[in-house]
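Data block below; observations after.
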Amino acid sequence: MAIEKYDVQALFATPYFKTNLKHAITEEHVKFVRGLKMIKNRDNLISENLYIFEEPEMAGIKAVIQEALDIYSSQVMGVEHKLYVTQSWALSNPPGVGMHSHSHSNSLISGSFYYDELPQPLSRVIFDKHTSYQQLEINPLRERQNLFNTPINVLTPESNDLILFPSYLNHQIEANMAQTERRAIAFNCFIKGQLGNYRDVSELML
Ligand SMILES: [Fe+2]
-2 MAIEKYDVQA
8 LFATPYFKTN
18 LKHAITEEHV
28 KFVRGLKMIK
38 NRDNLISENL
48 YIFEEPEMAG
58 IKAVIQEALD
68 IYSSQVMGVE
78 HKLYVTQSWA
88 LSNPPGVGMH
98 SHSHSNSLIS
108 GSFYYDELPQ
118 PLSRVIFDKH
128 TSYQQLEINP
138 LRERQNLFNT
148 PINVLTPESN
158 DLILFPSYLN
168 HQIEANMAQT
178 ERRAIAFNCF
188 IKGQLGNYRD
198 VSELML
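What follows is the structure, given as structure tokens:
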């Protein structure tokens, strides 16, 4: 007899968080970030300053991103620990340039903030569920692709969006097909507080 009834459920899932912060960005912020000295990265440009949130001009941006991180730690991670930004930097993709696949080491959560007007057409962020060499590549048929079997997932950030995602996720940015630069801020985060338990000898104070 053929099987007619079956059930497929999710065991675990990977979150990403998105919010729009247009209300918190001023012309002064945009001017300040645009004015940062940029140097050559592998393909695109990165700010020479890699702690830009520590600059007084960025206090307003730092505060609103902290507000988003507080929501992420309490509502998405479900913890009372505090997420805080470690390094923060500006990025610029000139026309024709994207960002190669990478992940962020020594960081728990990473973020991208599209503080400036994004040029059209929008470049997408492509997340890859594989984090290392794959012995077998078993990809689903296009018409049977779903959240469980897809090897990649794609999102299209819009101007003033903030995206937060687990730092271990491999991601790349599509080539900028616009005639003008595509600008963004990126940052890494770690957590403060107590992990583990004293009697279990797993305690770690951060
Ligand atoms: Fe990245």
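In the numbering used here, the protein residues as written are -2 to 203.
Where a beta carbon is used, it is the ideal one built from N, C-alpha and C, also for glycine.
Check	Outcome
His101 CB to nearest heavy atom of ligand 1 below 7 Å	yes
CB-CB length for Thr83 against Phe14, believed under 8 Å	The Cβ separation is near 18 Å, so there is no contact.
For Val151, the three-state DSSP class (helix, strand or coil)	strand
Helix, strand or coil at Pro163 according to DSSP, with G and I counted as helix	strand
Beta-carbon proximity of Arg39 to His127, cut-off 8 Å	no
Within 8 Å, strictly: CB atoms of Gly193 and Leu201	yes
Neighbourhood of Ser71 by C-beta distance below 8 Å, restricted to the same chain and skipping five residues each side	Glu77
Three CB pairs or more closer than 8 Å across the segment 138 to 156 and the segment 44 to 56	no
Host alpha helix (DSSP H) of Ile68 (start-end)	Ala56 to Ile68
Residues near Ile182 in its chain [Cβ-Cβ closer than 6 Å; skip 5 each side]	Ala87, Phe110 and Tyr112
Beta-carbon gap between Ile170 and Asn103 smaller than 8 Å	no
Beta-carbon contacts of Leu161 that lie in its chain and below 6 Å, excluding the five residues immediately before and after	Phe14, Tyr69, Ile106 and Gly108
DSSP bridge partner residues for Tyr81 (one or two, in chain order)	Phe187
Alpha carbon of Ile49 to alpha carbon of Pro12, nearest angstrom	26 Å
Separation of Met(-2) from Pro163, as counted between CA atoms	44 Å
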